[in-house]
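Novice: Structure incoming, see below.
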Amino acid sequence: MRRHTAKLALRGRIVGMSESGMSAVDIAEEVGVHRSTVYKWLNRWEEGELTDHYRRGARRKTTAEQDQQLREYMDGHPFSNAEEAKRALGIDASTETLRTRLKEMGYNHRTPAVKPKLT
Numbered sequence: 001m002r003r004h005t006a007k008l009a010l011r012g013r014i015v016g017m018s019e020s021g022m023s024a025v026d027i028a029e030e031v032g033v034h035r036s037t038v039y040k041w042l043n044r045w046e047e048g049e050l051t052d053h054y055r056r057g058a059r060r061k062t063t064a065e066q067d068q069q070l071r072e073y074m075d076g077h078p079f080s081n082a083e084e085a086k087r088a089l090g091i092d093a094s095t096e097t098l099r100t101r102l103k104e105m106g107y108n109h110r111t112p113a114v115k116p117k118l119t
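Residue 21 in full-length UniProt numbering sits at position 21 of the sequence shown; the count goes up by one each step and never skips.
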């Protein structure tokens, strides 16, 4: 069961137990949540809403200007990678973040083939 679906099922279970006459304290013990959580979802049920409120994700770590600098750097250094670009540009973000930005920009990371030395 997906996490979101499981959460909704738990909330529905809380409402059902309450409507069958169980106290909030007993429901909390039964489903393994704090009593205040039970009250919160019962109040939200009365308001007609059992889904989560919208939450914004984490803020973007790079600015549009840094993204542009990264694009220009990679255009000028096609064999460079995210780690080298991070060092060269001094961007205060993780290497993984820069890899994500490069992927968003359409750059592909490939591990170069290892060629045997000719002797």
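Ideal Cβ placement from N, Cα and C applies to all residues, glycine included.
#1: Would you call the region 4 to 21 and the region 33 to 51 touching, i.e. three or more CB-CB distances under 8 angstroms?
#2: Excluding the 5 residues flanking residue 25 on each side, which residues of the same chain have their C-beta closer than 6 angstroms to its C-beta?
#3: Round the Cβ separation of residue 31 and residue 8 to the nearest angstrom and send it over; I've been treating them as touching at under 8 angstroms.
#4: Over what stretch of residues does the alpha helix (DSSP H) that includes residue 121 continue unbroken?
#5: Residues in its own chain within less than 7 angstroms of residue 38 by CB, not counting five upstream and five downstream?
#6: Within 8 angstroms, do at least three Cβ pairs link the region 43 to 59 to the region 77 to 85?
#7: Determine the contact status of residue 70 and residue 101, defining contact as a CB-CB distance below 8 angstroms.
#8: For my contact list, residue 95 and residue 62 are in at a C-beta cut-off of 8 angstroms; report their separation, rounded to the angstrom.
#9: Within 10 angstroms of its Cβ, does residue 74 collect 16 or more other Cβ (buried), or is it exposed?
#10: Tell me the residue span of the alpha helix (DSSP H) that contains residue 103.
#11: Can you tell me whether residue 103 sits near the ligand GTP, meaning its C-beta is under 7 angstroms from at least one heavy atom of the ligand?
#12: Rounded to the nearest angstrom, how far is the Cβ of residue 68 from that of residue 91, given a contact under 8 angstroms?
Specialist: By the coordinates alone:
#1: The answer is yes - the region 33 to 51 touches the region 4 to 21, with three or more Cβ pairs under 8 angstroms.
#2: If we look at residue 25 and ignore the five residues flanking it on each side, its Cβ neighbours are 35.
#3: Contact between residue 31 and residue 8 does not hold, since the beta-carbon distance rounds to 13 angstroms and is not under 8 angstroms.
#4: The shown model of the chain, from 1 to 119, leaves out residue 121, and the question about it has no answer.
#5: Cβ neighbours of residue 38 beyond the five flanking positions: 14, 24, 27, 28.
#6: The answer is no - the region 43 to 59 does not touch the region 77 to 85, with fewer than three Cβ pairs under 8 angstroms.
#7: Result yes, Cβ atoms of residue 70 and residue 101 sit closer than 8 angstroms.
#8: With 8 angstroms as the limit, residue 95 and residue 62 do not qualify as a contact, their Cβ atoms being about 12 angstroms apart.
#9: Buried, by the Cβ-count rule.
#10: That run of the alpha helix (DSSP H) goes 95 to 104.
#11: By its list of ligands, the structure shown contains no ligand whatsoever, and the ligand GTP lies outside what it can speak to.
#12: Rounded to whole angstroms, the Cβ separation of residue 68 and residue 91 is 12 angstroms, and the two are not in contact under 8 angstroms.
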